[in-house]
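Asker: Sequence lines, in order, name chains V and W.
All residue numbers for the first sequence refer to the working numbering, where the first residue is 1 and numbers rise by one.
All residue numbers for the second sequence refer to the working numbering, where the first residue is 324 and numbers rise by one.
Protein chains: 2
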Amino acid sequence: MAKSSDLVVGIDLGGTKILAAAVDAQGKILGRAKRSTDSEDGPPAVLNRMADCAREAVARADRSLSDVRAVGIGAPGPLDSDKGIVIFAPNLSGWKNVPVRAALEKTLRKPVFLENDVNVGTLGEHVLGAGKGIRDLVGIFVGTGIGGGVILNGQLHRGLNGTAGEIGHMIIQIGGPRCGCGNRGCLEALASRTAIARDIAAAIRNGKKSKLGGKDLDPSDLKSSDIAKALEEGDRVAVKVIQRAAKAIGIGIVNIIHVLNPEMIVLGGGAMAFGDHILPVVRKTVEKRVLPLAGDHIQIVPAKLADDSGVLGAAVLARQRMK
Amino acid sequence: MAKSSDLVVGIDLGGTKILAAAVDAQGKILGRAKRSTDSEDGPPAVLNRMADCAREAVARADRSLSDVRAVGIGAPGPLDSDKGIVIFAPNLSGWKNVPVRAALEKTLRKPVFLENDVNVGTLGEHVLGAGKGIRDLVGIFVGTGIGGGVILNGQLHRGLNGTAGEIGHMIIQIGGPRCGCGNRGCLEALASRTAIARDIAAAIRNGKKSKLGGKDLDPSDLKSSDIAKALEEGDRVAVKVIQRAAKAIGIGIVNIIHVLNPEMIVLGGGAMAFGDHILPVVRKTVEKRVLPLAGDHIQIVPAKLADDSGVLGAAVLARQRMK
Chain V
1 MAKSSDLVVG IDLGGTKILA AAVDAQGKIL GRAKRSTDSE DGPPAVLNRM
51 ADCAREAVAR ADRSLSDVRA VGIGAPGPLD SDKGIVIFAP NLSGWKNVPV
101 RAALEKTLRK PVFLENDVNV GTLGEHVLGA GKGIRDLVGI FVGTGIGGGV
151 ILNGQLHRGL NGTAGEIGHM IIQIGGPRCG CGNRGCLEAL ASRTAIARDI
201 AAAIRNGKKS KLGGKDLDPS DLKSSDIAKA LEEGDRVAVK VIQRAAKAIG
251 IGIVNIIHVL NPEMIVLGGG AMAFGDHILP VVRKTVEKRV LPLAGDHIQI
301 VPAKLADDSG VLGAAVLARQ RMK
Chain W
324 MAKSSDLVVG IDLGGTKILA AAVDAQGKIL GRAKRSTDSE DGPPAVLNRM
374 ADCAREAVAR ADRSLSDVRA VGIGAPGPLD SDKGIVIFAP NLSGWKNVPV
424 RAALEKTLRK PVFLENDVNV GTLGEHVLGA GKGIRDLVGI FVGTGIGGGV
474 ILNGQLHRGL NGTAGEIGHM IIQIGGPRCG CGNRGCLEAL ASRTAIARDI
524 AAAIRNGKKS KLGGKDLDPS DLKSSDIAKA LEEGDRVAVK VIQRAAKAIG
574 IGIVNIIHVL NPEMIVLGGG AMAFGDHILP VVRKTVEKRV LPLAGDHIQI
624 VPAKLADDSG VLGAAVLARQ RMK
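1) Is S328(W) buried or exposed, if buried means 16 or more other CB atoms sit within 10 Å of its CB?
2) Would you call the segment 619-639 of chain W and the segment 395-405 of chain W in contact, with 3 or more CB pairs under 8 Å?
3) If distances are taken between C-alpha atoms only, which option among K96(V), G165(V), R69(V) comes closest to S39(V)?
4) Report buried or exposed for N484(W), applying the criterion of at least 16 other Cβ atoms within 10 angstroms of its Cβ.
5) Just to make sure I have the definition right: I need the residues of chain W whose C-beta is within less than 9 Å of the C-beta of P78(V). Which are they?
6) Among G593(W), M645(W), A641(W), which residue has its Cα nearest to the Cα of F464(W)?
7) With a threshold of 16 other CB atoms inside 10 Å of the CB of R101(V), please say whether the residue is buried or exposed.
8) Is there a C-beta anywhere in chain V that falls below 9 Å from the one on E489(W)?
9) Please list the terminal residues of the continuous alpha helix (DSSP H) segment that includes V443(W).
10) Residue ranges of each alpha helix (DSSP H) run of no fewer than 4 residues wholly in the segment 543-590 of chain W, ordered along the chain?
11) Run the CB neighbour count on M322(V), radius 10 Å, all protein chains shown included, and call it buried at 16 or more, exposed below.
12) Taking 9 Å as the threshold (beta carbon to beta carbon), is T517(W) in contact with chain V?
13) Mind checking whether the beta-carbon of F436(W) lies closer than 8 Å to any heavy atom of the ligand NAP?
14) Looking at the structure shown, is P302(V) part of a helix, part of a strand, or coil, going by DSSP?
15) With DSSP run on the structure shown, which of helix, strand or coil describes G72(V)?
16) Tell me, to the nearest whole angstrom, how far the beta carbon of K433(W) is from that of A393(W); I am working on the premise that it is less than 8 Å.
17) Should the segment 12-19 of chain V be regarded as contacting the segment 47-54 of chain V, the criterion being three or more beta carbon pairs within less than 8 Å?
18) Enumerate in chain order the residues of its own chain whose CB-to-CB distance from G250(V) is below 6 Å, with the five nearest sequence positions on each side excluded.
19) Quick check on the DSSP output: the beta strand (DSSP E) that includes G338(W) runs from which residue to which?
20) Can you find a CB in chain W that lies within less than 9 Å of the CB of A2(V)?
21) Alpha carbon to alpha carbon, how far is I253(V) from P542(W)? Give it in angstroms, no decimals.
22) Answer with yes or no whether the minimum CB distance from E56(V) to chain W is below 9 Å.
23) Kindly indicate which residue of L222(V), G147(V), K240(V) has the alpha-carbon position closest to the one of G121(V).
24) Under the rule that 16 or more other beta-carbon atoms within 10 Å means buried, what is Q26(V), buried or exposed?
25) Report the rounded CA-to-CA distance for K223(V) versus V564(W), giving the unit in angstroms.
26) Taking the C-alpha atoms as reference points, what is the distance between N119(V) and R32(V)?
27) Apart from the five residues on each side of it in sequence, which residues of its chain come closer than 7 Å, Cβ to Cβ, to T430(W)?
28) Starting from the beta carbon of E586(W), find every residue of chain V whose beta carbon is closer than 7 Å, and list them in chain order.
29) Hey, how far is the Cα of R244(V) from the Cα of A314(V)?
30) Given a threshold of 16 other Cβ atoms within 10 Å of its Cβ, counted over all protein chains shown, does S359(W) qualify as buried or as exposed?
31) Can you have a look at N153(V) and say buried or exposed, based on whether 16 or more other CB atoms are within 10 angstroms of its CB?
32) For I151(V), would you say it is in contact with chain W, using Cβ-to-Cβ distances shorter than 9 Å as the test?
33) Residues of chain W with a CB under 7 Å from the CB of M170(V): which are they?
34) Quick one, which residues of the segment 240-252 of chain V are near chain W if we go by CB-CB under 7 Å, in chain order?
35) With three or more C-beta pairs closer than 8 Å as the rule, is the segment 81-94 of chain V touching the segment 56-71 of chain V?
36) Residues of chain V with CB closer than 7 Å to the CB of C504(W), please, in chain order.
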């Protein structure tokens with residue numbers, strides 16, 4: 001069989017690493033590459049690393065750049081997808097109004113498309129992951145923050161300013177804990193990994209015993225793997241905090257179901273490492289709180305693409321925008 | 324000029340009254356009719372009154388039923404729009420699984436379309452009211468409850484079970500006041516007319532002085548017109564309670580903006596009688612709480628069609644479904 005030239009490259013730009021993949025028309029990854037982001041070197045260095053990563057992924061697929069139709073990029077936002085500019089990225093040092101598309105189109109001489117990472121992750125799950133064939137779907141990604149993406153009528157819904165899907169900044173507890181955005185009681189302030197670590201440290205400080213540390217525990221030292229282990233061992237502080245977070249995620253999903261009544265909710269992100277302790281509580285909360293009729297037949301499922309959701313979603317983005 | 328035969332009839336079925344209007348292709352009302360609902364007479368009697376209302380509206384437009392292409396109906400829900408059945412209507416005595424479409428198609432011998440009243444109100448505002456030409460719009464109607472409708476891509480978004488737009492049952496205050504739906508902290512439990520009356524009575528019971536009554540005030544005796552008057556006169560209890568409700572509505576809108584990033588929010592319903600005390604607080608709350616970029620250029624406007632939103636929306640429904 002002749003080698004297909006119908007290749008796209010997906011790039012996942014994260015705060016710590018850059019991932020790239022050469023992806024065929026069936027959504028199969030033919031080659032991969034990875035670099036440290038090292039954003040302290042400044043945007044031009046990072047942009048060069050992204051281009052290097054793209055080239056290496058193509059080379060590892062045993063193809064050449066001439067086989068590549070387009071490049072898709074998922075990046076932290078806020079960003080201007082139409083102009084291909086990252087407006088501001090708190091986790092990337094010095095990233096303000098960085099013209100990612102223009103820079104990479106110049107270097108790689110391919111059409112480049114840019115979208116925020118959670119929208120891209122949602123696209124990936126919709127086309128290649130848990131949401132295949134679903135018409136209306138909302139992706140929720142629980143990591144250090146909580147982000148999301150909204151698929152309506154089979155298309156990514158971006159909204160007037162391209163900011164749709166800010167699921168983590170739904171306020172679900174007026175007067176609740178302070179969020180990084182300045183508001184109180186956002187879903188992100190109740191159920192992100194950051195909130196979970198904060199609540200574990202606070203419970204210990206207030207005298208609860210836990211294997212996770214003593215009263216001097218710094219929440220930023222808490223690793224997800226340690227929390228996961230404590231959960232497995234039935235650590236009561238960990239279990240209680242995770243359950244509370246899962247209930248908050250359930251309430252957020254109830255709100256989404258009441259407003260949009262989608263067919264599917266896809267839950268992903270790093271905190272899904274605690275998935276077995278989260279998903280059943282989420283589903284039970286939704287079942288208990290959702291209005292009659294509204295919740296019928298709605299699927300709440302874990303994301304499928306895991307660490308590949310970024311590069312695969314970016315590849316989907318590239319294909320969709322080329323059309 | 325020959326009389327147009329391109330007429331539709333819109334019917335607004337409410338708990339206390341039935342309104343009907345004969346509406347031309349430009350959305351102009353040519354004839355109206357009104358009956359008391361008197362739902363205690365049972366569904367067949369109410370269905371007959373709806374048909375009578377439709378006939379009278381057409382007669383008052385100086386037309387005959389043969390000029391009518393279709394009939395649209397806005398009714399309280401939950402309902403099954405596809406089957407044309409009202410599943411349950413708490414404000415209509417004995418209404419369980421009432422086949423409204425089948426009954427009226429038989430009587431009037433016209434295609435009949437049924438949709439819930441707030442969706443119909445949103446459709447009306449979108450096509451003939453405040454939202455003309457807007458692509459993505461959310462309507463929020465604050466009355467004894469809070470309902471809403473979602474227009475995406477110029478079309479009513481109904482969702483998997485037809486229940487999209489249940490804006491009033493977004494939970495925005497975990498642990499907050501009990502809602503009629505059984506949950507706590509729904510927007511409806513914080514900002515509906517019912518919640519406003521409850522909070523005014525509670526404030527007075529707790530010793531606050533108000534022109535609206537004494538410690539024995541029954542919240543169900545509080546009339547909107549009295550509250551409006553108290554607001555005009557600067558009654559501190561009324562002002563404070565309405566401001567708190569308006570802030571809650573603002574928070575609800577922030578959540579909608581974060582999830583959907585629509586172009587416009589249309590605020591309607593009976594509580595807009597307090598509009599001058601609500602809208603500025605709503606706008607200020609949104610401005611203060613919305614994420615950077617997300618709120619840019621989004622319009623928050625009062626509904627325009629007032630008491631005609633039901634019949635006009637139902638007429639729009641009939642026209643859209645005929646296509």
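Built from N, CA and C at the ideal position, the CB exists for glycine as well.
Answerer: Once the coordinates are examined:
1) Here residue 328(W) corresponds to residue number 5 of the second sequence, with the count starting at 1. Per the 10 Å Cβ criterion, exposed.
2) Pairwise C-beta distances place the segment 619-639 of chain W in contact with the segment 395-405 of chain W, as three or more of them are shorter than 8 Å.
3) Taking the first sequence and counting its residues from 1, the one referred to as residue 39(V) is at position 39. Of the listed residues, the one whose Cα sits closest to S39(V) is K96(V).
4) Numbered from its first residue, the second sequence carries residue 484(W) at position 161. So N484(W) counts as buried.
5) One-based indexing of the first sequence puts residue 78(V) at position 78. Listed along chain W are L614, P615, L616, A617, each with a C-beta nearer than 9 Å to that of P78(V).
6) Looking up residue 464(W) in the second sequence gives position 141. For F464(W), the nearest C-alpha among the options comes from G593(W).
7) One-based indexing of the first sequence puts residue 101(V) at position 101. By the neighbour-count rule (16 or more Cβ atoms within 10 Å), R101(V) is buried.
8) Start at 1 with the first residue of the second sequence, and residue 489(W) comes out as number 166. At least one chain V Cβ lies under 9 Å of E489(W).
9) Numbered from 1 along the second sequence, position 120 holds the residue referred to as residue 443(W). Residue range 440-451 is occupied by the alpha helix (DSSP H) that includes V443(W).
10) Along the segment 543-590 of chain W, the alpha helix (DSSP H) occurs as fully enclosed runs of 4 or more residues at 547-555, 559-583, listed in sequence order.
11) Here residue 322(V) refers to the residue found at position 322 of the first sequence. Answer is exposed; the Cβ neighbour count stays below 16.
12) Counting from one through the second sequence, the residue named residue 517(W) turns up at place 194. False, the Cβ-Cβ gap to chain V never drops below 9 Å.
13) No copy of the ligand NAP occurs in the structure displayed, which carries no ligand at all.
14) Counting from 1 along the first sequence, the entry for residue 302(V) is found at position 302. DSSP places P302(V) in strand when its eight states are reduced to three.
15) Counting from 1 along the first sequence, the entry for residue 72(V) is found at position 72. Note: G72(V) maps to strand in three-state DSSP.
16) Taking the second sequence and counting its residues from 1, one reaches residue 433(W) at position 110. Taking the second sequence and counting its residues from 1, one reaches residue 393(W) at position 70. About 6 Å separates the CB atoms of K433(W) and A393(W); that is less than 8 Å, so the two are in contact.
17) Here the segment 12-19 of chain V lies against the segment 47-54 of chain V, with 3 or more beta-carbon pairs under 8 Å apart.
18) As a position in the first sequence, residue 250(V) is number 250, starting the count at 1. Same-chain partners within the cutoff: V282, T285, V286.
19) In the second sequence, counting from the first residue as 1, residue 338(W) sits at position 15. Careful: G338(W) lies outside any beta strand (DSSP E) and carries neither H nor E.
20) Locating residue 2(V) in the first sequence gives position 2, counting from the first residue. For A2(V), the predicted model reports a pLDDT of 45, less than 50, meaning its position is unreliable and no value from the coordinates is stated.
21) To locate residue 542(W), count along the second sequence from 1; it is residue 219. To locate residue 253(V), count along the first sequence from 1; it is residue 253. Roughly 33 Å separates the two Cα atoms.
22) Sequence index remark: in the first sequence, residue 56(V) carries index 56 (1-based). Cβ-Cβ to chain W under 9 Å: no for E56(V).
23) Stepping through the first sequence from its first residue, residue 121(V) is reached at position 121. Checked all of L222(V), G147(V), K240(V); the closest Cα to G121(V) is G147(V).
24) Walking along the first sequence from the start, residue 26(V) turns up at place 26. Exposed, since its Cβ has fewer than 16 Cβ neighbours within 10 Å.
25) In the first sequence, residue 223(V) corresponds to position 223, counting from 1. In the second sequence, residue 564(W) corresponds to position 241, counting from 1. Cα to Cα, K223(V) sits roughly 45 Å from V564(W).
26) In the first sequence, the residue the question calls residue 119(V) occupies position 119. In the first sequence, the residue the question calls residue 32(V) occupies position 32. Between the alpha carbons of N119(V) and R32(V) lies a distance of about 21 Å.
27) Start at 1 with the first residue of the second sequence, and residue 430(W) comes out as number 107. Answer for T430(W): A374, listed in chain order.
28) Locating residue 586(W) in the second sequence gives position 263, counting from the first residue. Residues of chain V with a Cβ closer than 7 Å to the Cβ of E586(W) are, in chain order, L160.
29) Within the first sequence, residue 244(V) is the residue found at index 244, counting from 1. Within the first sequence, residue 314(V) is the residue found at index 314, counting from 1. Straight-line measurement puts the Cα of A314(V) at about 33 Å from the Cα of R244(V).
30) Within the second sequence, the letter at position 36 stands for residue 359(W). Counting Cβ neighbours within 10 Å, S359(W) comes out exposed, since fewer than 16 surround it.
31) Along the first sequence, one-based indexing puts residue 153(V) at 153. N153(V) is exposed by the Cβ-count criterion.
32) Within the first sequence, residue 151(V) is the residue found at index 151, counting from 1. By this cut-off, I151(V) is not an interface position.
33) Numbered from 1 along the first sequence, position 170 holds the residue referred to as residue 170(V). In chain order: N578, H581, V582.
34) For the segment 240-252 of chain V, which is checked against every Cβ of chain W, the residues closer than 7 Å are I251.
35) Output reads no: the segment 81-94 of chain V does not touch the segment 56-71 of chain V.
36) Residue numbering aside, residue 504(W) sits at position 181 when the second sequence is read from its first letter. Using a Cβ-Cβ cut-off of 7 Å, C504(W) is close to L291 of chain V, given in chain order.
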